[in-house]
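Colleague: Okay, handing you the structure first.
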Amino acid sequence: MKIFKRIVKVFLWSCLLLVWIFLTAFANSEYGEIVLNKVNIVFIKDNQHHLITNDEVEDLVKDLGLVEGVSIKKDIHVDQIEKTLRSHYAVDKAEVYFLNNGDLHINIFKKTPIARLLGNTSGVNYYLDYNGRLMKTSDSYVAKLPIFSGEIFSINDEFEAKSSTLIISEIYEMSQLINNDAFLKSQIVQIHIRNNGYFELIPRIGNHKILFGSPENMEEKLNKIKLFYTKGPDPKELNLYDTLNVMYNDQIVCSKIN
């Protein structure tokens with residue numbers, strides 16, 4: 686009796702295996718006949734910075750030979766498509782998949798720039814993204830962001846820009862504070878870093894400069910600046926000032942134009 690049950694069990698498992706093999710072969714046969722119908726591109730949580738466009742993604746896809754009518758099984762390699770898309774300087778992540786009707790879906794997660802970095806050397810120009818990483822700029826689009834200039838980069842023998850990790854972390858912190866405050870984001874347009882590491886801020890309204898000093902106590906100093914502009918002199922009087930100095934604790938020292 687036990688032998689009979691064992692035979693039945695082996696027989697059933699063999700049947701299931703044969704069915705699975707048949708279905709897999711059938712599915713692969715059907716899959717092999719599917720051709721590319723169209724490409725759907727979606728920018729996930731679009732940050733409204735046009736450092737990569739729908740047309741550019743389409744061009745990258747076409748460069749891989751993905752045009753209507755190609756066989757999905759033979760000619761489409763999802764891993765290669767994702768790798769190619771991720772190699773674009775403005776792409777953080779890419780997800781690629783296809784449906785049984787032949788539609789290829791591409792989800793693009795863009796990098797979000799938070800600051801623009803201009804070095805003293807001509808041509809040294811980068812963005813700093815939301816994750817604190819340097820990224821290239823675009824020839825066709827300029828993001829409206831706080832601009833950091835001055836002593837940011839050093840240049841090696843191959844003329845490659847190298848930046849201090851400390852300076853980048855300081856720029857990252859200040860960029861976050863400015864971008865997260867609507868008033869400061871509108872008023873502070875440029876931050877210049879001097880040879881001694883001190884920061885000077887350039888406002889949108891007024892002909893003065895703001896002596897920020899070392900990047901210590903950033904939030905406290907930025908709050909003092911905001912308080913001066915919102916509770917201080919009338920905006921029409923701002924052009925009377927030459928400098929605002931927030932380097933001292935609990936005070937702002939203002940210097941008027943002679």
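Here our numbering is used: the first residue of the sequence shown is 686, the next is one more, and so on.
Just so you know, even glycine gets a beta-carbon here, dropped at the ideal spot from N, CA and C.
Cα separation between L803 and I887?
Modeller: Taking the sequence shown and counting its residues from 1, the one referred to as residue 803 is at position 118. Taking the sequence shown and counting its residues from 1, the one referred to as residue 887 is at position 202. About 14 angstroms.
Colleague: Using DSSP with H/G/I as helix, E/B as strand and the rest coil, what is L870?
Modeller: For the purposes of this step, residue 870 is taken as residue 185 along the sequence shown, with counting starting at 1. Note on identity: in this sequence residue 870 is Lys, with Leu being the wrong assignment. Here K870 sits in helix by DSSP.
Colleague: Spell out a yes or no on whether the segment 759–771 and the segment 822–833 are touching, meaning 3 or more CB-CB pairs, one atom from each, closer than 8 angstroms.
Modeller: Contact fails: fewer than three Cβ-Cβ distances are below 8 angstroms.
Colleague: Identify the continuous alpha helix (DSSP H) that holds V742 and give its terminal residues.
Modeller: Position 57 of the sequence shown, counted from the start, is the residue given in the question as residue 742. Note, V742: alpha helix (DSSP H), 739–748.
Colleague: Strictly by DSSP, which residues pair up with R801?
Modeller: Translated into the one-based positions of the sequence shown, residue 801 becomes position 116. Residue pairing from DSSP places R801 in a beta bridge opposite Y812, I832.
Colleague: What's the gap between the Cα of I832 and the Cα of F783?
Modeller: Here the question's residue 832 lines up with position 147 in the sequence shown. Here the question's residue 783 lines up with position 98 in the sequence shown. Between the alpha carbons of I832 and F783 lies a gap of roughly 41 angstroms.
Colleague: Could you check the C-alpha separation between I719 and I726 for me, to the nearest Å?
Modeller: Within the sequence shown, numbered from 1, the residue matching residue 719 stands at position 34. Within the sequence shown, numbered from 1, the residue matching residue 726 stands at position 41. When rounded, the distance between both Cα atoms is 20 angstroms.
Colleague: For K906, list the residues DSSP reports as bridge partners.
Modeller: Position 221 of the sequence shown, counted from the first residue, corresponds to residue 906. Here K906 is not bridged, per DSSP, to any residue.
Colleague: Return the chain-ordered list of same chain residues with a C-beta closer than 6 angstroms to the C-beta of Y926, the five sequence neighbours on each side being excluded.
Modeller: For the purposes of this step, residue 926 is taken as residue 241 along the sequence shown, with counting starting at 1. Closer than 6 angstroms at Cβ, skipping near neighbours: H893, C939, K941.
Colleague: Of all the options K768, H790, L896, L745, which has the alpha carbon lying nearest to the alpha carbon of I729?
Modeller: Your numbering for residue 729 matches position 44 in the sequence shown. With distances taken between Cα atoms, I729 lies closest to H790.
Colleague: Is the beta carbon of F868 closer than 9 angstroms to that of T915?
Modeller: Looking up residue 915 in the sequence shown gives position 230. Looking up residue 868 in the sequence shown gives position 183. Yes.
Colleague: Assuming Y797 and N865 make a contact with CB atoms under 8 angstroms, what is their CB distance in whole Å?
Modeller: Counting from 1 along the sequence shown, the entry for residue 797 is found at position 112. Counting from 1 along the sequence shown, the entry for residue 865 is found at position 180. For clarity, residue 797 is Thr in the given sequence; the question names Tyr instead. Contact doesn't hold; Cβ gap of about 13 angstroms is too wide.
Colleague: Whole-angstrom Cβ separation of I799 and Q861, contact assumed at under 8 angstroms?
Modeller: For the purposes of this step, residue 799 is identified with residue 114 of the sequence shown, where counting begins at 1. For the purposes of this step, residue 861 is identified with residue 176 of the sequence shown, where counting begins at 1. At roughly 7 angstroms, the Cβ-Cβ gap stays under 8 angstroms, so I799 and Q861 are in contact.
Colleague: Within 10 angstroms of its Cβ, does E741 collect 16 or more other Cβ (buried), or is it exposed?
Modeller: On the sequence shown, residue 741 is found 56 positions in, with the first residue counted as 1. So E741 counts as buried.
Colleague: Please name the residue or residues paired with S940 in a DSSP beta bridge.
Modeller: Here the question's residue 940 lines up with position 255 in the sequence shown. According to DSSP, S940 bridges with T928.
Colleague: Bridge partners of G898, per DSSP?
Modeller: Residue numbering aside, residue 898 sits at position 213 when the sequence shown is read from its first letter. According to DSSP, G898 bridges with F884.
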